[in-house]
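Chains as they are written, first to last, in this note's numbering: chain A, 97 to 381; chain B, 56 to 419; chain C, 53 to 338.
First comes the structure, then the notes that go with it.
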Amino acid sequence: MIRSVPRSRWFDGLYLAYLAAFFVYLALPLTVTAVFAFNDAPFPSLPWKGFTLDWYLADGSGGRTGLFHDDTLLSALWVSTKIAFWVTVVSVTLGCANAVLFERLEFRGKEFLYLLMLLPLVIPGVILGVSILVFYSGMANDASRLWGVELDVFRPGMTLVVMGQVTFIATLATLVIAARLRKFDRQLEEAALNLGATPVVAWFTVTLPWLMPSIFGAAAMAFLMSFENFNTTVMLTGSDTPLTVALFNRLREGSTPVLNAVALLLMVGSALLAVMALGRSRDSA
Amino acid sequence: MGIESDLFCSNLVRRFGSNAAVDHVSLDVPAGTFFSILGPSGCGKTTLLRLLAGFDRPDEGDIHIRGARMNDVPPNRRPVNMVFQHLALFPTMSVGDNIGYGLKRQKVPAAERRTRIARVLEQVGLPGMENRNPGELSGGQRQRVALARCLVLEPTLLLLDEPLGALDLKLREQMKIELKHLQKAFGTTFVYITHDQSEAMVMSDQVAVMKDGRFDQVAPPEELYREPATPFVAGFVGDNNRLTGELVAVQDELAELRLDDGSMVRGRLGQSSPPIGERVDLFIRPESLVLGGDALRPDYSALRASVTATLFDGANSRLEADSAGQTLYARLPQDGSAPRLREGAGVQLAWDPMLARVFAPGAA
Amino acid sequence: MNASAGRLSLWLLLTPFLLWIVLLVLVPHLQMLRVSFQVRESWDTLAWGLEQYQNFFTESYYWRTFVRTGVMSLFTTFLTLLIAFPIAWYIARLARGRAKGLLFLACLVPFWASELVRTYGWMILLRESGLFSSWLQALGWADGPVEMLYNDVAVIIGLVYNGLLFMVVPLVTTLDGMDENLVEAGYDLGGSHLTVLREVVVPWAMPGIVSGCIVVFMLTLGSYLTPILMGGKDSAWFTGQIFTQFITRFNWEQGAALGVLLLVLSSLIVWLGLKLSGQSLRKVMG
Chain A
97 MIRSVPRSRW
107 FDGLYLAYLA
117 AFFVYLALPL
127 TVTAVFAFND
137 APFPSLPWKG
147 FTLDWYLADG
157 SGGRTGLFHD
167 DTLLSALWVS
177 TKIAFWVTVV
187 SVTLGCANAV
197 LFERLEFRGK
207 EFLYLLMLLP
217 LVIPGVILGV
227 SILVFYSGMA
237 NDASRLWGVE
247 LDVFRPGMTL
257 VVMGQVTFIA
267 TLATLVIAAR
277 LRKFDRQLEE
287 AALNLGATPV
297 VAWFTVTLPW
307 LMPSIFGAAA
317 MAFLMSFENF
327 NTTVMLTGSD
337 TPLTVALFNR
347 LREGSTPVLN
357 AVALLLMVGS
367 ALLAVMALGR
377 SRDSA
Chain B
56 MGIESDLFCS
66 NLVRRFGSNA
76 AVDHVSLDVP
86 AGTFFSILGP
96 SGCGKTTLLR
106 LLAGFDRPDE
116 GDIHIRGARM
126 NDVPPNRRPV
136 NMVFQHLALF
146 PTMSVGDNIG
156 YGLKRQKVPA
166 AERRTRIARV
176 LEQVGLPGME
186 NRNPGELSGG
196 QRQRVALARC
206 LVLEPTLLLL
216 DEPLGALDLK
226 LREQMKIELK
236 HLQKAFGTTF
246 VYITHDQSEA
256 MVMSDQVAVM
266 KDGRFDQVAP
276 PEELYREPAT
286 PFVAGFVGDN
296 NRLTGELVAV
306 QDELAELRLD
316 DGSMVRGRLG
326 QSSPPIGERV
336 DLFIRPESLV
346 LGGDALRPDY
356 SALRASVTAT
366 LFDGANSRLE
376 ADSAGQTLYA
386 RLPQDGSAPR
396 LREGAGVQLA
406 WDPMLARVFA
416 PGAA
Chain C
53 MNASAGRLSL
63 WLLLTPFLLW
73 IVLLVLVPHL
83 QMLRVSFQVR
93 ESWDTLAWGL
103 EQYQNFFTES
113 YYWRTFVRTG
123 VMSLFTTFLT
133 LLIAFPIAWY
143 IARLARGRAK
153 GLLFLACLVP
163 FWASELVRTY
173 GWMILLRESG
183 LFSSWLQALG
193 WADGPVEMLY
203 NDVAVIIGLV
213 YNGLLFMVVP
223 LVTTLDGMDE
233 NLVEAGYDLG
243 GSHLTVLREV
253 VVPWAMPGIV
263 SGCIVVFMLT
273 LGSYLTPILM
283 GGKDSAWFTG
293 QIFTQFITRF
303 NWEQGAALGV
313 LLLVLSSLIV
323 WLGLKLSGQS
333 LRKVMG
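The following block contains the structure:
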């Protein structure tokens, strides 16, 4: 079972076969999706009709509209990017503050507040969306009905989506940054004070650089999670549809290789972001 | 000496709850001294050091550095630098940036910073290492970088918190000597805390032995070894044998004891005489014990003992013997003069009473 | 740092935390609970009542879906654990150097695509006009197109796929930290493969197992896309009913009640899992 304990040969063979099957299982759906983004046929299925970039570039003249000319998808992409940007900013800021709060300060009720902080992880995403919809949108409805005040920010739309996603992404960001802060040797801060730095300078010159990899990691994760989120988002979205919701609506109408093209684009984007975050954290680890 | 010394503390007290970790400690360290504070773990030496660095505040007493009162000065304004126990080199910075950190805080221009960094690296024997990452250095090199990071600021006082603790034995021996040389070369006043008596003895000009928040004795290493002022110092500094008996007579500074098996031995009183009849301890160093009976001088004290083991350790080889239930160690000279001894053989252990010290137990 | 600066920084850090937890988590959930006990009598009058919950227990469609969702989520979680454990073991204990890092990274790859993309990939593979169907026909193992989508097996394949990453990562992390001597000692003292696994490895990996199971269970229970897109007419999922109430029927009161029920179910099962395995939320999640 471990290297130093002998195993029989057929057990080894079986184990390796299992591993291989597992990674095929992992790779297959994504590979297939990516490949069919280039199939010269109106449906993403066999037989293979040859290579084309139509599903990216076609301008609609030949009956095909490629991704780069599909205004609905492009605007959805932009909406998603805006949402993800704000979610990242808010979640990482909250994550930093929370990490310092829970790792550095002592106060009464800390254990209890820490459990509250973990709570969003054990609430299904749908419920997070529903509860925020019921409270804020309900509040906007009541305000309009009772006092004629229009609270449009609390109607389904970008603000609510950002709020809904921040609810659980902030917890994840906190966990990532707190884990790094926990490994910080507080003597380093004392050393900085000892060498003449004020507490604020010590924080910015010693502690923050130490946290930087985790902040980048948390930001990349927050961006990806926001971009890919469906369950919370779909409850809260208004007229400007984010990409996952737009794709879902498209998919229900029937699949076209344009969906594959978007999917591949997303995969490449995510992979780049992940590699960047990974590279950053490796540099300074 | 006095308040104008590099470090002068009077009656420092730091309490945690009802327990005083530092209990009325006074010390006076003249410029250029290598001053060690030696004590077992939990004796309050780290607390004392943190008071000096400014990470903690005394409940009573004053800290003066070159005549200036430091009690209310925050750590970043004190002319004091510290080498931390685990060195605390900034992992996110190169060696050069680590050393330049304090200079940058003093707003030293970049060009001057570079020359001073290069110079101090040369002085600690690491020329041209500016761009290395602290993680790539060996234990000894990291030690030197930590030292350089402080020395480049030319502090009045350098505090060292057991910095050699993490090194392996051989490197520790080497660094001990190197630290002493560096201290002499820079002329900076060092305050060094350690629980390792050999570090304190080898490097220091003055050693303070600390126990339960107080200084038992402050003296140069040799005096500490030869003239321990308290039974704790006698037992803690260097190896020592302890014999317990009843004080029967005092003659000048020599005390006569009756051990439990009835044998009479003598030693020099370590402090004012306890009353006759009191139980007292006699400390005698292994190297002061002489083996064999023939060449015994008449004024020596002697004990019969039986060999339980010979412990060969090169120049530190020892004989373990049992005398009426008390275990004694004697140094075995390795120049061929020592008799060959088998286990269980009878042996006579004798000593010059002037080299033995007698204390009432628990005397401070 | 003196006392007043300490208090100031405490409040500076506590304020955003409290705003977040109170305004985005606590208050909305309490409001959802409140709404679930409201009964709409006309378009602008509300009364208190248990009608929404009565509906749930009297309409067999609701509670059947509820039970089905719970049971299938548990099954999926268990299956994911079974599939992931040997993989995590290999990565943590058997693979070395570069292979280790690469295999671990490979497990993360599906995460780079969203749930929607992953589900879409499976649809391309499994549907009647899909790849598996074409391959089976090409190999002569099937005469006509084979529909493999729109059934419970397809749903579980997709759900396990979604959960794997969240199971593999905590398992690798805990198994990585295990001292190999423990296993060697287990064998040395006469244990067989199975007893060593049961009495040494599994207890050690428990925090990782529980944390992986909680995350996978939560994801599965709360997932929407996979069961809706890959499931058939009979494979309804409870989240689907919540969506229907909110989005197609605009019946918020009923939707809120269903939401509360789902929350109760998930909290209950997570709590039970923690109790049965003797772990705490702080230990497995924090």
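Ideal Cβ positions, reconstructed from N, Cα and C, are used throughout, including at glycine.
The Cβ of A:Pro305 sits closer than 8 Å to at least one Cβ of chain B. For A:Ala287, at least one C-beta of chain B is nearer than 8 Å to its own C-beta. Nearest in C-alpha terms to C:Glu305, of all of C:Leu126, C:Leu62, C:Gln83, C:Tyr142, is C:Gln83.
Take the alpha-carbon of A:Pro138 and the one of A:Gly350: they are about 11 Å apart.
Considering only beta carbons, the part of the stretch 65 to 90 of chain C lying closer than 7 Å to chain A consists of Leu65, Leu66, Pro68, Phe69, Trp72, Ile73, Leu76, Val77, Val79, Pro80, His81, Gln83, Met84, Val87, in chain order. In the DSSP assignment, the residues bridged to B:Val413 are B:Leu324, B:Leu337. The DSSP-derived three-state label of B:Ile331 is coil. Collapsing the DSSP output to three states places B:Ala310 in a strand. Apart from the 5 residues on each side of it in sequence, B:Glu342 sits with its Cβ closer than 6 Å to the Cβ of Arg386 in its chain, given in chain order. Of the residues A:Val131, A:Leu209, A:Leu124, A:Phe198, the one whose Cα lies closest to the Cα of A:Phe147 is A:Val131.
For B:Ser81, the enclosing beta strand (DSSP E) stretches over residues 74 to 84. In summary, the residues of the stretch 209 to 242 of chain C whose CB is separated from some CB of chain A by less than 8 Å are Tyr213, Leu216, Glu232, Val235, Glu236, Tyr239, in the order they occur in the chain.
At a cut-off of 8 Å between beta carbons, A:Val188 makes no contact with chain C. Rounded to the nearest angstrom, the gap between the Cα atoms of B:Leu107 and B:Gln161 is 21 Å.
Listed by position along chain A, the residues whose Cβ is nearer than 7 Å to that of B:Gly157 are Leu291, Gly292.
Residue-level contact check: A:Ala359 touches chain C, since one or more beta carbons of chain C fall below 8 Å from its beta carbon.
Between the beta-carbon of B:Ala221 and that of B:Gly190 there is about 15 Å, and that puts the pair past the 8 Å contact cut. Sequence-ordered contacts of the stretch 305 to 337 of chain A with chain C read Leu320, Phe323, Glu324, Asn325, Phe326, Asn327, Val330, Met331 [C-beta pairs closer than 9 Å]. Here the alpha carbon of B:Arg70 sits roughly 7 Å from the alpha carbon of B:Val77. By the neighbour-count criterion, in which 16 or more other beta carbons inside 10 Å mark a residue as buried, B:Gln306 falls on the exposed side.
By the neighbour-count criterion, in which a residue is buried when 16 or more other Cβ atoms sit within 10 angstroms of its Cβ, C:Thr110 is exposed.
Under the 8 Å criterion on CB atoms, C:Arg334 is classed as interfacial with respect to chain A. In the displayed model, B:Trp406 falls within a strand according to three-state DSSP. Here the stretch 296 to 310 of chain B does not lie against the stretch 259 to 266 of chain B, with fewer than 3 beta-carbon pairs under 8 Å apart. Contact note: B:Pro130 reaches chain A through Leu289, Asn290, using a C-beta cutoff of 7 Å and chain order.
For a Cβ distance threshold of 9 Å, residue set Val226, Ser227, Val230 of chain A lies close to C:Ala308, ordered along the chain.
Excluding sequence positions up to five before and after B:Ile172, its CB lies within less than 7 Å of the CB of Gly151, Ile154, Gly155, Glu185, Val207, all in the same chain and listed in chain order. The C-alpha of C:Leu65 is placed about 34 Å away from the C-alpha of B:Ala201. Pairwise C-beta distances place the stretch 234 to 245 of chain A out of contact with the stretch 187 to 195 of chain A, as fewer than three of them are shorter than 8 Å. According to the DSSP secondary-structure assignment, B:Asp368 is paired through a beta bridge with B:Ala370.
Interface with chain A (8 Å Cβ-Cβ cutoff): C:Phe302 is excluded. Restricting attention to C:Val267, C:Tyr172, C:Gly260, the CA atom closest to the CA of C:Gly283 is found in C:Tyr172. Excluding the 5 residues flanking it on each side, C:Gln90 has same chain C-beta neighbours closer than 6 Å at Leu98, Glu305, in chain order. Sequence-distant partners of C:Ala257 (beyond 5 residues in either direction) whose C-beta falls short of 6 Å from its own C-beta, in its chain, are Thr226, Leu227.
Comparing alpha-carbon positions, the option among B:Glu167, B:Met409, B:Gly87 lying closest to B:Leu237 turns out to be B:Gly87.
By the C-beta criterion, the stretch 356 to 366 of chain B is judged to be in contact with the stretch 398 to 416 of chain B, since at least 3 inter-stretch pairs fall below 8 Å.
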